[in-house]
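Residue numbers (our numbering), protein chains in the order written: chain A, 1 to 152; chain B, 1 to 719. Structure first, then comments.
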Amino acid sequence: MISLDINGHVHQVDADPTTPLLWVLREWVGMTGTKYGCGVAQCGACSVHVDGVVTRSCQLQLGDVGTAKITTIEGLSPDGLSHPVQKAWLDFEVPQCGYCQSGQIMAAAALLKENPRPTDADIDAAITNICRCGTYPRIRAAIHAAAQGGKV
Amino acid sequence: MGKISRLGRRGFLASVSAAAGGFSLGWTIPTAASAQTTGAEVGIWAVIHPDDTTVIRIARSEMGQGTLTGLAQMVAEELDADWSKVKAEYISPEANFSRNRAWGDMSTGGSRGIRASVPYVQKGGAAARLMLIEAAAKQWGVPAAECATADSVVTHTPSGRKLRYGELAAAAAQLPVPADPPLKTPAQWKLVGKGVKRLDTVEKLSGKLVYAIDVQLPDMLNAAVAQCPVFGGTVKSFDADKIKSMPGVRHVLKLDDSTLAVVADKWFQAKTALAALPIVWDEGANAHVNSKSINAFLAEGLDAKEAGVGHKVGDAPAAIAGAAKKIEATYATPFLNHATMEPMNCTAKFTGEQVEIWVGTQNGDAALAVAAEAAGLKLSQVKVNKHHLGGGFGRRGQQDYVRQAVQIAKQVPGRPIKLIWSREEDMQHGFYRPITQAKMTAGLDAQGNVTGLHMRISGQSILAYLLPSRMENGVDMVQFQGLIPGEFGYMAIPNLLVDHAMRNTHVPVGFWRGVNVNQNAVYLECFIDELAHATGKDPLEFRRTLLAKNPKQLAVLNAACAKADYGKPLPAGVFRGICQYTGFGSYTASVAEVSVSAKGELKVHRIVAATDCGYAVNPDQIAAQVEGSFAYGLSAALYSENTIENGRVVESNFDTYEVARMADMPKVETVIVASGGFWGGVGEPTIAVAAPAVLNAIFAATGKRVRSLPLKHVDLKKA
């Protein structure tokens, strides 16, 4: 059994320590908001925060998590709507199919925490997640709006 | 409408969700307990609850394109429903099947979601409204003609008495459904044409939306598959014993001649064990095929004598032969995978009496039929739980992954099996956008007028692979999207020949967002630019002359150029390219503004895209689709390709199959022309004008004609 701190709750997981955190979250813990897109850290659909740092969970093995605090999309805000990034996403109607948006939101929230007023170039550099529906223009607009909206 | 009339008498449904085979997604059932209570089916499209919550049934699939909201708007408009009370839910394929397909075609593709559903969803809403009026009039003992409706309330106009829809629904549901209710005129629309918010956003912000890949069921096992990497190859042998003791492994199964599956407790265990499974493939006759041999095969078709004709006016070869000047250019585009963000997956449970599946599909009817066939059961023994798709783009119009899930479930009866394809499996076993080449030839007279145009396409046919019954006299007319009479814009050209030398490879092909307009628009619109340049004319003026007989195309091109301030100077180093195209019932045009650095680095700064889709149901969602179509189209133009070596697809993941990301994405400004009088498509049409405008702008910037995609292979450094 390995102990994991996910969204402020401790979970005991009986999985091989080499299992990627992505699959531990989805299959052992049963939290499916974090998505599988590529498994090779290319797409960012699996992005979570590990001690506040945005991390592609398909590349982090269970055995390497240790005591780090993990935040997933389910834990970003208590109601799933009230984080400034989620609010901006709603205002700008960012999602189309929505599948990549958990990862996009986690990446955007991490960016704004580190850089409360990102420029377009900052956004280009930080948001490298893939969206095949092409919501990029709205993601950009929503990040700027969330940045203007105050504390993130 | 006779069928609907009978169905309308069904009256109460215990719970719309249970009756329709729906499931508890957030967008289907409001958070308030109200919708869990009994609702009444007023007609077949709307279920109205006592608190006025109006659940509108949707037969098409939502994959991001907004059809769920748009179709709900169409019904709610005619129903005069209070939009704030409107929810949407899928009608299940088995409900559609058992009620003689009362909800129509479930297939979702070809940008048909709204334009093909319009007549019957409008009628459905209008019929329900008349039933509610009739119920109120009966209760009041007044003529129905004295009643009016608005915001889910019937008002008796002379007396001012009011009844809410929620109060009337039970009685209304008992009435016959009017067969031919009058519809509103466009001038009377209140909801259609407004950018109302989507109905399905909230659950996509919290991770709560359950895509098919997220389904969790009691006793569920998970499966991973390996298909022969060479299309057409088969399994020669495999050694299941080697992996049977690996963690979680339950079964190693052969599904068909070319497919193996590992079933394990968790999917990651199944995938890990599958990777360790010794498999010997018989790669078959296609193992020697590669991109080079395919390209040569297609190149031969460019001058072949035999070709299917798509559009012929006058005698183009003769006109070109006799022209003062002849211009010729050859273009090429590669195979492309859809690369939906959610890989193919399906969960299936087989009991011997029934097969139940949980799936994201673009065609619920087909998923039901395929599941029945794979299970060896009757259509009536299938239950399909439709989930929102994590991207479709045409890929999920095919049900191969449904078949596999059922094949596995049949071998492991009684337990739900979730099949997930790895990204690698998804990338290497798609239904690819067909590879084609085109030889463009034009004749010009001494004044620079185009006297003849011959467009010879050579390459793979989608219909020949997927739907041979839809071929017409051996010709795949879908190949000519945007080039046929009624779509082709340059009817001022006196002699025209568009033909196709079909050259089919062993690679599976399918409908990829925009289908053949993608390739055809690159060929036509870049070549038209070449002709403008050859005659020394401005690309816009040149096109205006050729569009003289096509006012819709001309108007949409003018609208895009006006918005982009065409003709006005741009910042130093920034150059424009333009194009126009027609497809899926809509007229589109775009202006691209790009720069190319001294090192040859391309930056697309701004896109102005115009679409005349006739009526615009939800302008903000149209803008979203235009933006998205450019991201998808620019991915194809800039980066993406699938190549073939030793009979198999080389690219395996997003590291080798590159797509557009944030930094590649220009500002996109959408101009909705909405000339009215017709219903055009939205999801696909503007993808046609993504690549050509950028390629034409690159020529303006560098003097280089890019005739083969993707651009990543082209050195754009100034010569």
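Cβ coordinates follow ideal geometry from the N, Cα and C atoms, glycine included. Fair warning: this is a prediction, and the values are worked out from it, not measured in the lab.
Is the stretch 429-445 of chain B touching the stretch 501-513 of chain B in the sense that three or more CB pairs, one from each, lie closer than 8 Å? Yes, the stretch 501-513 of chain B touches the stretch 429-445 of chain B.
By the DSSP assignment, the beta strand (DSSP E) with valine 280 of chain B in it spans what residues? Here residue 280 of chain B is taken as the residue at index 280 of the second sequence, counted from 1. Counting along the chain, the beta strand (DSSP E) containing valine 280 of chain B begins and ends at 279-282.
Minimum Cβ-Cβ distance from glutamate 74 of chain A to chain B less than 7 Å: Locating residue 74 of chain A in the first sequence gives position 74, counting from the first residue. Yes, because at least one Cβ of chain B sits closer than 7 Å to the Cβ of glutamate 74 of chain A.
Measuring straight from C-alpha to C-alpha, what distance separates valine 94 of chain A and aspartate 200 of chain B? Translated into positions along the first sequence, residue 94 of chain A becomes position 94. Translated into positions along the second sequence, residue 200 of chain B becomes position 200. Distance between the alpha carbons of valine 94 of chain A and aspartate 200 of chain B is about 11 Å.
Please classify glutamine 188 of chain B as buried or exposed, where buried requires at least 16 other C-beta atoms within 10 Å of its C-beta. As a first step, residue 188 of chain B must be located in the second sequence, where it is residue number 188. Exposed.
Chain-ordered chain B contacts of isoleucine 130 of chain A [CB-CB under 8 Å]: Numbered from its first residue, the first sequence carries residue 130 of chain A at position 130. Result: Met341, Phe654, Val659 and Arg661.
Reduced DSSP category for aspartate 527 of chain B - H, G, I as helix; E, B as strand; rest coil: Locating residue 527 of chain B in the second sequence gives position 527, where the first residue counts as 1. In the sequence as presented, aspartate is not what sits at residue 527 of chain B; that position holds phenylalanine. It is helical.
How would you write the range of the alpha helix (DSSP H) that valine 406 of chain B sits in, first residue to last? Locating residue 406 of chain B in the second sequence gives position 406, where the first residue counts as 1. Unbroken alpha helix (DSSP H) run through valine 406 of chain B: 400-411.
Which residues in chain B sit within 8 Å of valine 40 of chain A, going by Cβ to Cβ distance? Numbered from its first residue, the first sequence carries residue 40 of chain A at position 40. Result: Arg423, Asn653, Phe654 and Asp655.
Determine, for leucine 205 of chain B, whether the minimum Cβ-Cβ distance to residues of chain A falls below 7 Å. For the purposes of this step, residue 205 of chain B is taken as residue 205 along the second sequence, with counting starting at 1. Output row for leucine 205 of chain B: interface = yes.
Counting only Cβ-Cβ distances shorter than 8 Å, please list the residues of the stretch 229-258 of chain B near chain A, keeping chain order. So the list reads Pro247, given in the order they occur along the chain.
Using a Cβ cut-off of 8 Å, which residues of the stretch 495-526 of chain B contact any Cβ in chain A, in chain order? none
Could you check what DSSP says for tyrosine 566 of chain B in three-state terms: helix, strand or coil? Along the second sequence, one-based indexing puts residue 566 of chain B at 566. It is coil, neither helix nor strand.
Determine the DSSP secondary structure at glutamine 545 of chain B, reduced to helix, strand or coil. In the second sequence, the residue the question calls residue 545 of chain B occupies position 545. The sequence as given places threonine at residue 545 of chain B; glutamine does not occur at that position. Residue state, collapsed to three classes: helix.
Does the stretch 59-67 of chain A touch the stretch 350-365 of chain B, meaning 3 or more C-beta pairs lie closer than 8 Å? Because the criterion of three Cβ pairs below 8 Å is not met, the stretch 350-365 of chain B and the stretch 59-67 of chain A do not touch.
Please name the residue, chosen from B/Ser708, B/Lys704 and B/Asp664, that lies closest to alanine 125 of chain A on a Cα-to-Cα basis. Start at 1 with the first residue of the first sequence, and residue 125 of chain A comes out as number 125. Of the listed residues, the one whose Cα sits closest to alanine 125 of chain A is B/Asp664.
Where does lysine 439 of chain B land, buried or exposed, given buried means 16+ other C-beta within 10 angstroms? Here residue 439 of chain B is taken as the residue at index 439 of the second sequence, counted from 1. Lysine 439 of chain B should be labelled buried.
Buried or exposed: where does glycine 44 of chain A fall if 16 or more other Cβ atoms within 10 Å of its Cβ makes it buried? Position 44 of the first sequence holds residue 44 of chain A. Buried, since its Cβ has 16 or more Cβ neighbours within 10 Å.
For a cutoff of 7 Å on Cβ pairs, would you count serine 47 of chain A as touching chain C? This model lacks chain C altogether, as its protein chains are A and B.
Give the DSSP bridge partners of glutamine 12 of chain A, in chain order. Taking the first residue of the first sequence as 1, we reach residue 12 of chain A at position 12. According to DSSP, glutamine 12 of chain A bridges with A/Ser3.
Using a Cβ-Cβ cut-off of less than 8 Å, give me the residues of the stretch 98-120 of chain A that come near chain B, in sequence order. Gly98, Tyr99, Cys100, Gln101, Ser102 and Ile105
Taking 7 Å as the cut-off, decide whether the C-beta atoms of valine 626 of chain B and threonine 686 of chain B are in contact. Here the question's residue 626 of chain B lines up with position 626 in the second sequence. Here the question's residue 686 of chain B lines up with position 686 in the second sequence. Yes, these two residues count as a Cβ contact at 7 Å.
Are the beta-carbon atoms belonging to isoleucine 70 of chain A and valine 48 of chain A less than 7 Å from one another? Within the first sequence, the letter at position 70 stands for residue 70 of chain A. Within the first sequence, the letter at position 48 stands for residue 48 of chain A. Yes, they are a contact pair.
Buried or exposed (CB count within 10 angstroms, at least 16 for buried), alanine 296 of chain B: Within the second sequence, numbered from 1, the residue matching residue 296 of chain B stands at position 296. Alanine 296 of chain B comes out exposed.
Please report how far the alpha carbon of cysteine 58 of chain A lies from the alpha carbon of asparagine 449 of chain B, in whole angstroms. The sequence position of residue 58 of chain A within the first sequence is 58, counting from 1. The sequence position of residue 449 of chain B within the second sequence is 449, counting from 1. If I take the Cα positions, the gap works out to 59 Å.
Can you tell me whether DSSP reads threonine 135 of chain A as helix, strand or coil? In the first sequence, counting from the first residue as 1, residue 135 of chain A sits at position 135. Correct three-state label for threonine 135 of chain A: coil.
Sequence ranges, alpha helix (DSSP H) only - wholly within the stretch 323-400 of chain B, length at least 4: 364-375
Just to confirm the assignment: which complete alpha helix (DSSP H) runs, minimum length 4, are found wholly within the stretch 417-492 of chain B? Correct list: 423-428 and 462-466.
First and last residue of the alpha helix (DSSP H) that includes aspartate 122 of chain A? Taking the first sequence and counting its residues from 1, one reaches residue 122 of chain A at position 122. Note, aspartate 122 of chain A: alpha helix (DSSP H), 120-126.
CB contact below 7 Å: glycine 628 of chain B versus chain A: Translated into positions along the second sequence, residue 628 of chain B becomes position 628. Yes, glycine 628 of chain B lies at the interface with chain A (some Cβ there is under 7 Å from its Cβ).
Closest to isoleucine 644 of chain B by C-alpha separation, out of B/Glu658, B/Leu277, B/Val230 and B/Arg101, would be which residue? Against the second sequence, residue 644 of chain B aligns to sequence position 644. The candidate whose alpha carbon is nearest that of isoleucine 644 of chain B is B/Val230.
Check whether the stretch 306-319 of chain B touches the stretch 459-476 of chain B, counting contact only when three or more Cβ pairs, one atom from each stretch, lie closer than 8 Å. yes
Neighbour flag for threonine 19 of chain A against chain B, beta carbons, 7 Å: Sequence index remark: in the first sequence, residue 19 of chain A carries index 19 (1-based). Chain B contact via Cβ: present.
Taking a Cβ distance cut-off of 9 Å, strictly less, list which residues of the stretch 425-456 of chain B are near chain A, in chain order. none
Across the stretch 256-268 of chain B and the stretch 411-421 of chain B, are there enough close Cβ pairs to call them in contact, namely three or more that are closer than 8 Å? yes
Given leucine 540 of chain B, which residues of its chain have a CB within under 7 Å of its CB, disregarding the five upstream and five downstream residues? Residue mapping note: residue 540 of chain B aligns to position 540 of the second sequence, counting from 1. So the qualifying residues of the chain are Cys561, Tyr566 and Ile578.
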